[in-house]
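Residue numbers (UniProt numbering): 1 to 656. Note that the Cβ used here is the ideal one computed from N, Cα and C, for glycine as well. Below is one structure, written out as structure tokens, with a few remarks after it.
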Amino acid sequence: MIHDSDKLVRVAYKKLKQMVYYDKTFLFLRKRLAEFECGEDFLDRLEQVESVLKVDAPFSSELFRKWLDGVGFVFAPKSLRPKRKPDDDEGSFVSNVTSERNYPIEKVNYLFDGPIELHLIAVLWLMTNGFKLDALLVENCYGSRLDNLVGNEDDHSANLFQKYHERYAKWRDDGINKAADLLTRENRSACIIALDLQEFYYRVQLDWDELWNSIRMKKDIHSSMRWVYSREILGENLLGCVKAIGDAYQLQIAPFLNGTHTELPPESTCLPIGLCSSPVIANWYLRDFDRAILSEVRPAYYGRYVDDILIVVANDTEPGQHPVTRFMDDVLVRTGVMHLNNHSGRYEVVSSKGLFLQKRKCVLQFFEAGHSFAGLEKFRKELQENASDFAMLPVDGDESPVEQVAYDLLYDGSINKLRSVKGIAENRWELAKHLAKQTQLQLLAAEGLDANTKRELFMFFKGRNALEYWDMWERVFAFLIAAGNLEDAERLRGQIEGELRRLRYVADDEASNEVHGGKITRLLKQSLRDHLQVSYEICRALRAEFFPSLETRLWRDSNLIRHHLVAVPLLNYTDYAGDYIVPDETRAHPVSRQKIEWSPRFVHFEECVGLIDSWFVDDEGEDSITAANSLYARFHGKELDGVSSLLIKGEEDGPQ
Numbered sequence: 001m002i003h004d005s006d007k008l009v010r011v012a013y014k015k016l017k018q019m020v021y022y023d024k025t026f027l028f029l030r031k032r033l034a035e036f037e038c039g040e041d042f043l044d045r046l047e048q049v050e051s052v053l054k055v056d057a058p059f060s061s062e063l064f065r066k067w068l069d070g071v072g073f074v075f076a077p078k079s080l081r082p083k084r085k086p087d088d089d090e091g092s093f094v095s096n097v098t099s100e101r102n103y104p105i106e107k108v109n110y111l112f113d114g115p116i117e118l119h120l121i122a123v124l125w126l127m128t129n130g131f132k133l134d135a136l137l138v139e140n141c142y143g144s145r146l147d148n149l150v151g152n153e154d155d156h157s158a159n160l161f162q163k164y165h166e167r168y169a170k171w172r173d174d175g176i177n178k179a180a181d182l183l184t185r186e187n188r189s190a191c192i193i194a195l196d197l198q199e200f201y202y203r204v205q206l207d208w209d210e211l212w213n214s215i216r217m218k219k220d221i222h223s224s225m226r227w228v229y230s231r232e233i234l235g236e237n238l239l240g241c242v243k244a245i246g247d248a249y250q251l252q253i254a255p256f257l258n259g260t261h262t263e264l265p266p267e268s269t270c271l272p273i274g275l276c277s278s279p280v281i282a283n284w285y286l287r288d289f290d291r292a293i294l295s296e297v298r299p300a301y302y303g304r305y306v307d308d309i310l311i312v313v314a315n316d317t318e319p320g321q322h323p324v325t326r327f328m329d330d331v332l333v334r335t336g337v338m339h340l341n342n343h344s345g346r347y348e349v350v351s352s353k354g355l356f357l358q359k360r361k362c363v364l365q366f367f368e369a370g371h372s373f374a375g376l377e378k379f380r381k382e383l384q385e386n387a388s389d390f391a392m393l394p395v396d397g398d399e400s401p402v403e404q405v406a407y408d409l410l411y412d413g414s415i416n417k418l419r420s421v422k423g424i425a426e427n428r429w430e431l432a433k434h435l436a437k438q439t440q441l442q443l444l445a446a447e448g449l450d451a452n453t454k455r456e457l458f459m460f461f462k463g464r465n466a467l468e469y470w471d472m473w474e475r476v477f478a479f480l481i482a483a484g485n486l487e488d489a490e491r492l493r494g495q496i497e498g499e500l501r502r503l504r505y506v507a508d509d510e511a512s513n514e515v516h517g518g519k520i521t522r523l524l525k526q527s528l529r530d531h532l533q534v535s536y537e538i539c540r541a542l543r544a545e546f547f548p549s550l551e552t553r554l555w556r557d558s559n560l561i562r563h564h565l566v567a568v569p570l571l572n573y574t575d576y577a578g579d580y581i582v583p584d585e586t587r588a589h590p591v592s593r594q595k596i597e598w599s600p601r602f603v604h605f606e607e608c609v610g611l612i613d614s615w616f617v618d619d620e621g622e623d624s625i626t627a628a629n630s631l632y633a634r635f636h637g638k639e640l641d642g643v644s645s646l647l648i649k650g651e652e653d654g655p656q
């Protein structure tokens, strides 16, 4: 059992680091963590967290209040204002021009930014108390579920949340599969509706007393037994810290909320986006909504992924006119799960006042049993294929040009008629897949980029696309730098910086624009410039010989680079200081004890074999399997069971 607060904090740090390592959005947090670990006072700061855990009221301690003073936020663009569509009597206008004088951002998010110590406090609360909230959820809640080991007193793992991509795929595929079962096995017509809760994290109206009462210990603890229940007592004390962090975050964003998120109820809690405790609390907040749908609606399938909802019901009657409204009224309003708010004209969650559905994002699909449902089968097949697209690298590669995978033509009518084209839409998923495949091919073949591919990339990340795809900047830099196009990576960064100068925040309310527009624009530009810089730094650190700098050392020493871009498995766990993508020496290097101790991910046995066989480490005369198992034991505390090596000696060739 982990009662030692020092060990508890170390396990919490490993969980935080692994969570940050796999995240591709909050890069500013990734850099904060790298600076935290590479600081000379790293262990001292962990000890300070430990000292806060030992006081009776951690949320009142001087150190914790000091950390709260560092709470802030980072702006992230949510959507650009779409171009004005021509009226119906104007005909259609289709253009590939994405450059404009200004790029108006109409919606933003506030991402929590604070000292790493506060993130650690949130992780520690989940380990000691918050996991009880997760245990109260129904299995139909798919998103942001804690790993099964969290809360176990013997948990020394680095796992915090279950793998998000697996949970998302299950949420999506289970709904599609259930609709297919209704059509094929039960011969029933099916309705699939996808719903989205509006501004969910901002509109949560949390009752902290109710939350505390739902997970607190229900018995008095005698002083002689406090040591036995020390984890539970610590967890209940840390809940006060989690509340204080949320209050500090809300205080920081409050001056801007009236301009960016209008009509928020005054009771709104505004859960910190990016703090690991928030999604667990958000799931708990909707527990009554989940149960109401299951007990009152009784759908064939119900799944919720944070604020995205998928419902499948058997429906033998075609929805008819106004199908979405009719579905909402018949299925959700009549059963008392939602009601129509006459003041706002929106559907409101009955069990959670102030939460509304985004009706414009409601998507209803109706499949009648007596008609073809080939569209559903095709959709399900595509989902199955796409689930492994990032993991499966085709033997012959993917030579599709960027311009073919990154765009979709939007049709109204036959796809064979040019006049049916109504617009061009960028395909984020296909572009991400393409870049991942091509980057891996560059690592394997190192052929370099042809002129057409470079031209297409620069043309795509121009104009609005440079801002719309801000969360893919790192992928593009990784692609260019892996291919050795270092000057082009720098040139692309300059091109994106030029587009950032044209960014403007534009609120719907003119008065809010005058008060907040200028400051939000400045803060938004700075946030995106910082994100651009970190995106570039992480990729640049892979090629230290070309980019020797303090930032390169920071990313390498913290081991928060993208490990899949390192050509030799686990080479980044040694003191090798050269090029990770094209290693240019074969002398032996020692494996770093610190990098092993604070590894951000699970290390597999075959990776240990790969490093030993690469001759970049000294195997001390052992055969590669034995040496690899010894290395594996350094990562995991023991050797892998069932692994052995056999030395075979030939008659003429000696040992084999």
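Taking all protein chains shown into account, T269 has 16 or more neighbouring C-beta atoms within 10 Å of its C-beta and is therefore buried. For H339, the uninterrupted beta strand (DSSP E) segment begins and ends at M338 to N341.
Inclusion of L29 and G274 in the CB contact set at 8 Å is warranted, their separation being smaller than that value. Contact annotation, L571 with V603: C-beta distance approximately 12 Å; criterion of less than 8 Å not satisfied. In the assembly as shown, Q250 is a buried residue. Its beta-carbon has 16 or more other beta-carbons within 10 Å. Taking one beta carbon from each stretch, the stretch 162-181 and the stretch 282-298 have fewer than 3 pairs nearer than 8 Å; the two do not touch. Its Cα nearest to that of L111, the residue V74 stands out among L528, V74 and E139. Taking a cut-off of 8 Å for Cβ pairs, the stretch 498-506 and the stretch 233-243 do not touch, as fewer than three such pairs fall below it.
Counting along the chain, F356 sits inside no beta strand (DSSP E), nor does DSSP assign it H or E at all. By the criterion of a C-beta distance shorter than 6 Å, F36 is surrounded in its chain by I116, once the five residues flanking it on both sides are discounted. Contiguous alpha helix (DSSP H) elements confined to the stretch 123-202 occur at 131-135 and 164-184, taking only those with 4 or more residues. Taking C-beta atoms under 8 Å as the contact rule, V313 and V331 qualify, at a distance of about 6 Å. Bounds of the alpha helix (DSSP H) holding G494 are L486 to L500. In this model, F59 and F131 are separated by some 20 Å (Cα to Cα).
Pairwise C-beta distances place the stretch 195-210 out of contact with the stretch 18-26, as fewer than three of them are shorter than 8 Å. L53 is positioned such that its CB atom lies closer than 8 Å to that of S5. Around the Cβ of M338, a 10 Å sphere holds 16 or more other Cβ atoms; the residue is buried. No residue range can be given for V306, since it is assigned to no alpha helix (DSSP H) and is classified by DSSP as neither H nor E. In this structure, the beta-carbon distance from L16 to H156 does not fall below 8 Å.
Counting the other CB atoms within 10 Å of its CB gives N341 a total below 16, which places it among the exposed residues. Here the C-alpha atom of L133 lies approximately 10 Å from the C-alpha atom of S277. The beta carbon of L160 lies closer than 8 Å to those of K15, L16, Q18, M19, V123, L126, L146, D147, V150 and C276 in the same chain, with the five residues before and after it left out. When C-beta atoms of the stretch 315-331 are compared with those of the stretch 350-370, three or more pairs fall below 8 Å, so the two segments count as touching.
In this structure, the beta-carbon distance from L480 to D488 falls below 8 Å. Distance from the CA atom of S535 to the CA atom of E40, rounded to whole angstroms, is 25 Å. Here G303 has N140, Y142, W171, D174, G175 and L310 as same chain residues with Cβ atoms under 7 Å from its own Cβ, once five neighbours each way along the sequence are excluded. Per DSSP, the continuous alpha helix (DSSP H) segment holding K595 begins and ends at R593 to E597.
In chain order, S645 place their CB closer than 6 Å to the CB of D623, counting only its own chain and leaving out the 5 sequence neighbours on each side.
Beta-bridge analysis with DSSP links E348 to H339 and F356.
Following the DSSP letters along the chain, one finds A507 in no alpha helix (DSSP H), marked with neither H nor E. For R601, same chain residues with a beta-carbon under 8 Å away, outside a window of 5 residues either side, are Q18, Y21, Y22, A158 and H563 in chain order. For N109, the enclosing beta strand (DSSP E) begins and ends at Y103 to D113.
For F461, no beta strand (DSSP E) segment is defined, and its DSSP state is neither H nor E. Beta bridge pairing from DSSP links V74 with L111. Under the DSSP assignment, V20 falls in the alpha helix (DSSP H) whose first and last residues are S5 to Y22. Nearest to E456 by alpha-carbon distance, out of V476, E267 and P319, is V476.
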